[in-house]
Structures are given as C-alpha cells and as structure tokens.
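**Q** Numbering (my numbering), first residue to last: 197 to 622.
A single structure is presented below for examination.
Right, here's the structure in full:
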C-alpha cells in the first residue's frame with residue numbers, strides 16, 4: 197500500500213489531495229482514507245509535513261510514503277520529486293546528518309508517470325536530498341508542484357500530479373529491483389542522476405549535492421548513510437570528491453560512472469561481476485555484448501588473431517558490430533578487441549567474420565581449416581618499377597593503371613596473392 201501525506205498548511209498539497217479525491221474512490225477509516233482498490237491510504241495533517249515525525253504511524257501498514265507538496269524556487273513551472281533528509285545541517289525540518297530510507301524504485305516510477313502526465317507548460321525534474329522529515333521508517337518521496345503561488349493553485353498541475361500518483365502501482369511493476377545507486381555531487385537539481393534514471397534500468401536514491409557536502413559537518417558516517425539509506429548497490433560521484441571516494445572505498449562501496457551503468461543495463465549483476473573477473477573491467481574497456489542479458493551460460497574463447505585482424509582491416513565498424521551482436525562480452529585494450537571473448541552456446545562468431553573477409557578475399561573452409569587468399573598491394577614491387585611516393589603510388593595501390601616515365605604500369609604487376617591459413621580447431 198502507498199501512503200499519501202498532505203498538509204493543511206501547503207496550498208499545492210491540498211490541491212493535489214483534492215484532485216485525488218475526484219480521481220479515486222475513497223472510504224474514511226479513522227483519521228485516514230483508503231482507496232477502494234486498496235492501493236492507497238491518504239491522510240491530511242495540520243502542521244507542515246517537513247516537521248512531522250513518524251508520519252507512517254498514522255497509516256495502516258504501508259510499503260512507501262508519498263508527501264505531496266509545493267516547491268519554491270526560481271525554476272519556472274516544474275513538477276519535481278526527491279527523497280527528504282539532511283546530509284548536514286537541518287535548516288528546514290528534521291535532524292541534522294540524518295536520512296530516512298529513500299525509495300529509488302518509487303522515485304523512478306513517479307518520475308516516469310509525472311513525465312507522462314505533466315501539462316505542456318511544466319518541466320519534470322529531480323532534486324537532491326534536502327529538508328525534513330527525517331524520523332521516518334518507510335521509504336519516502338516528496339512529490340511537488342513548483343515554483344510559485346500561481347503554480348501551487350494551478351488545478352491542471354494538481355490533476356496531473358494526482359494522475360501520476362494513481363498510475364504509480366502499475367509503473368512500479370516496470371522498475372527493476374536491486375538496481376539502486378546513491379549519488380554524490382552536483383547541484384541542487386540533479387540532471388545527471390535524472391538522466392541515468394530515465395535512460396537506464398538503474399534507480400536513484402539519496403543524492404548528496406555539493407552544497408550539502410561542502411557544509412563542513414559531513415562525516416564518514418553520513419556518507420555511509422547516504423548509501424545505506426538508498427539500499428544502493430553502488431555509488432556515482434558527479435565531479436571530483438576524493439574524500440567521498442576514500443570513505444566509500446573503505447566500506448567496499450563500488451564507485452561507478454555512467455559508462456559502467458549503461459553497460460550493465462539489463463544484465464544480471466552477478467553476471468557482470470563474473471564477466472569482469474574473467475575479461476577485465478568495464479572501466480578498462482570491457483564491452484558487454486548484446487547476448488549478455490539472454491545467454492543461458494557462457495564461456496571464454498579466443499577468436500584467431502589473424503581472422504580478427506583481417507576482418508578489422510577490411511571493415512572495422514562491421515567487425516566490431518559482429519562482436520557486439522554475437523558475443524556475451526569482448527575484452528578490449530584501448531577500445532581494440534584483444535580476441536578474448538565470452539560466448540554463449542552458439543560459440544565464436546566465425547562465420548559472420550568470414551563474411552566480412554569474403555568481401556575482399558577468397559575464402560575456402562574445410563575440415564576445421566580456413567584458407568584465405570587476398571590480393572594485396574606490394575609496395576616494394578612498386579618502388580622497384582620506379583613509382584614515386586604520392587598520388588600516383590596511391591592510385592596504383594587502389595587498382596588503377598598509372599603511367600610513370602611514359603611506361604604504363606598495370607596494377608597486377610604490383611599486387612600479389614597473400615594466403616592466410618587459420619586452424620579453427622587449435
């Protein structure tokens with residue numbers, strides 16, 4: 197069940213509550229209301245919700261809590277969401293250096309539904325962790341209308357937020373579990389973390405922005421709490437925060453970047469760990485292939501060096517595309533495949549690579565052996581025939597007949613057949 201907390205002292209909060217009243221059927225139970233479908237419970241308090249301690253106690257057992265609220269700022273019309281809490285000082289409710297449980301999946305889902313229902317005049321954003329309440333035991337998210345009195349009284353915005361909340365249970369089903377990150381750095385608004393949440397299957401919990409980390413009161417315990425209260429598998433640092441990195445390293449919290457998150461998108465994390473152990477880290481160039489999420493099992497094999505080199509010399513982009521599409525993962529150094537790959541039950545992508553080679557060579561395959569005959573330019577033969585370096589040399593290498601000192605030189609005279617023999621059984 198999802199709890200919804202509104203405040204009599206917040207005009208946007210009341211507008212969203214009233215919109216929810218018309219959108220869902222409610223039954224009054226004691227001092228809260230329950231939706232007819234049993235998915236929501238809603239309660240209105242007299243005080244400002246930033247200062248309400250243990251708001252979950254006034255509800256039946258709930259899985260998560262949404263606080264509907266106004267947002268004040270210079271941002272124009274905005275629908276926004278964020279977890280509450282204080283990384284350092286407590287200027288607006290709650291206790292200092294105290295963080296309640298964030299709700300990464302709920303924040304991810306509400307961002308999606310807000311984007312779907314936002315009026316045209318409104319942007320949808322996400323903020324860092326700030327303000328109270330902090331004495332909360334269930335995952336909590338503020339959902340807000342901003343950023344001035346006109347927006348707080350905008351019935352269209354209130355209806356949009358209400359519709360977004362009503363759509364939340366279904367949206368939650370589409371959010372991956374066990375894919376939460378904690379964030380450090382950046383401004384009050386967090387476009388980098390919002391982008392990660394929007395474009396990958398990772399969800400964002402608490403974000404300790406620069407202005408909170410620079411407070412001077414931040415301790416290693418608080419940094420650890422940002423991760424723990426997000427139930428995060430890893431952390432992302434926006435900017436250079438060596439002190440934060442040091443604390444996270446001491447707690448074995450992995451710090452990753454967007455490249456790693458995107459590579460791991462949709463792939464079981466234990467598989468990512470195993471692939472990195474076998475072939476090197478994503479940060480060092482490991483390419484996670486298209487089969488990583490679906491192959492039932494995998495093994496590490498090696499593509500023959502001669503075949504890989506020849507295919508890449510003919511069409512590098514097509515070769516790399518074959519590796520990505522037909523492999524579970526590809527070891528790389530400086531973005532160049534090493535030949536060591538993880539493959540699924542179908543094995544090495546020999547045939548697709550030979551198809552690339554076949555564009556410029558004659559390929560014969562029998563009894564586990566491939567013989568490749570390729571016509572190649574012989575620069576020494578061209579020099580011997582007096583062809584000077586420069587455009588003429590290049591035209592001859594490209595197969596054009598050229599004239600040097602009144603002598604016509606046929607390209608066949610400076611090309612030879614290069615034979616490569618590859619034993620696929622070795």
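Where is the CB? At the ideal position from N, CA and C, for every residue including glycine.
Computed from a predicted structure; not experimentally measured.
Suppose contacts are defined by Cβ-Cβ distances below 8 Å. Is residue 617 in contact with residue 606 by that definition?
**A** no
**Q** Using DSSP's beta-bridge definition, name the partner residues of residue 222.
**A** For residue 222, which the question treats as bridged, DSSP gives the partners 231.
**Q** From this set, 587, 280, 221, which residue's C-alpha is nearest residue 247's C-alpha?
**A** Selection 587, 280, 221 evaluated against residue 247 yields 280 as nearest (Cα-Cα).
**Q** Quick test of your reading: residue 353 and residue 347, contact by CB under 8 Å. State the CB separation rounded to the nearest angstrom.
**A** 6 Å
**Q** Who does residue 241 pair with in a DSSP beta bridge?
**A** 203
**Q** By the 10 Å Cβ neighbour count, where 16 or more other Cβ atoms means buried, how is residue 464 classified, buried or exposed?
**A** With fewer than 16 other beta carbons inside 10 angstroms of its own, residue 464 counts as exposed.
**Q** Can you tell me whether residue 300 is buried or exposed, with buried defined as 16 or more other CB within 10 angstroms of its CB?
**A** The residue in question, residue 300, is buried, as its Cβ has 16 or more Cβ neighbours within 10 Å.
**Q** Take the Cβ of residue 282 as the centre, count every other Cβ of all protein chains shown within 10 Å, and call the residue buried at 16 or more, exposed below.
**A** Answer is buried; the Cβ neighbour count reaches 16.
**Q** Span of the beta strand (DSSP E) holding residue 497?
**A** Its beta strand (DSSP E) spans residues 495-498.
**Q** Would you mind giving the Cβ-Cβ distance between residue 404 and residue 325, rounded to the nearest angstrom? I have them listed as a contact below 8 Å.
**A** 6 Å
**Q** Quick one: grab the DSSP three-state call for residue 334.
**A** Correct three-state label for residue 334: coil.
**Q** To the nearest angstrom, report how far apart residue 261 and residue 252 are at their CA atoms.
**A** 7 Å
**Q** By DSSP's criteria, residue 322 is part of a beta bridge. Which residues make up the other side?
**A** 277
**Q** Helix, strand or coil for residue 152? Go by DSSP, reduced to three states.
**A** Not covered by the structure: residue 152. The range shown for the chain is 197 to 622.
**Q** Using the C-alpha atoms, what's the distance from residue 430 back to residue 205?
**A** 38 Å
**Q** When the Cα atoms are used, what is the spatial distance from residue 473 to residue 349?
**A** 55 Å
**Q** Given a cut-off of 8 Å on the beta-carbon distance, is the pair residue 613 and residue 555 in contact?
**A** no
**Q** So is the beta-carbon of residue 515 under 7 Å away from any non-hydrogen atom of the ligand GTP?
**A** Absence of the ligand GTP from the depicted structure is noted, as is the absence of any ligand whatsoever, leaving it without description.
**Q** Which residue comes first and which comes last in the beta strand (DSSP E) that contains residue 599?
**A** Counting along the chain, the beta strand (DSSP E) containing residue 599 begins and ends at 598-600.
**Q** Compare the Cα-Cα distances from residue 510 to each of 551, 197, 498 and report the closest residue.
**A** Per the Cα distances, 551.
**Q** Where does residue 628 fall in DSSP's three states?
**A** Coverage of the chain is limited to positions 197 through 622, which leaves residue 628 absent and any answer about it impossible.
**Q** Between residue 357 and residue 264, is the Cβ-Cβ spacing less than 8 Å?
**A** yes
**Q** To the nearest angstrom, report how far apart residue 271 and residue 387 are at their CA atoms.
**A** 14 Å
**Q** Leaving out five residues on either side along the sequence, give the residues of the same chain with a beta carbon under 7 Å from the beta carbon of residue 580.
**A** Within its own chain, no residue has a Cβ closer than 7 Å to the Cβ of residue 580 once the five positions on either side in sequence are excluded.
**Q** Residue 316 lies in the alpha helix (DSSP H); which residues open and close that run?
**A** Premise fails: residue 316 is in no alpha helix (DSSP H) and is neither H nor E.
**Q** Can you give me the C-alpha to C-alpha distance between residue 224 and residue 478, rounded to a whole angstrom?
**A** 53 Å
**Q** So which of 202, 266, 207 has the shortest CA-CA distance to residue 239?
**A** Cα-wise, what sits closest to residue 239 is 202.
**Q** Does DSSP put residue 343 in a helix, in a strand, or in coil?
**A** Assigned with DSSP and collapsed to three states, residue 343 falls in strand.
**Q** Going straight from the alpha carbon of residue 413 to that of residue 435, what length do you get?
**A** 20 Å
**Q** Considering only DSSP beta bridges, list what residue 294 is partnered with.
**A** 282
**Q** Measure the beta-carbon distance from residue 432 to residue 392 and round it to whole angstroms, keeping in mind my assumption that it falls under 8 Å.
**A** 7 Å
**Q** Assuming residue 450 and residue 483 make a contact with CB atoms under 8 Å, what is their CB distance in whole Å?
**A** At roughly 19 Å, the Cβ-Cβ gap does not stay under 8 Å, so residue 450 and residue 483 are not in contact.
**Q** In the structure shown, what three-state DSSP assignment does residue 261 receive?
**A** strand
**Q** What does the alpha-carbon distance come out to for the pair residue 508 and residue 410?
**A** 49 Å
**Q** Let's test the definition: count the other Cβ atoms within 10 Å of the Cβ of residue 322 and tell me whether it reaches 16, buried, or not, exposed.
**A** Label assigned to residue 322: buried.
**Q** Mind checking who residue 573 pairs with in its DSSP beta bridge?
**A** Residue 573 is bridged by DSSP to 611.
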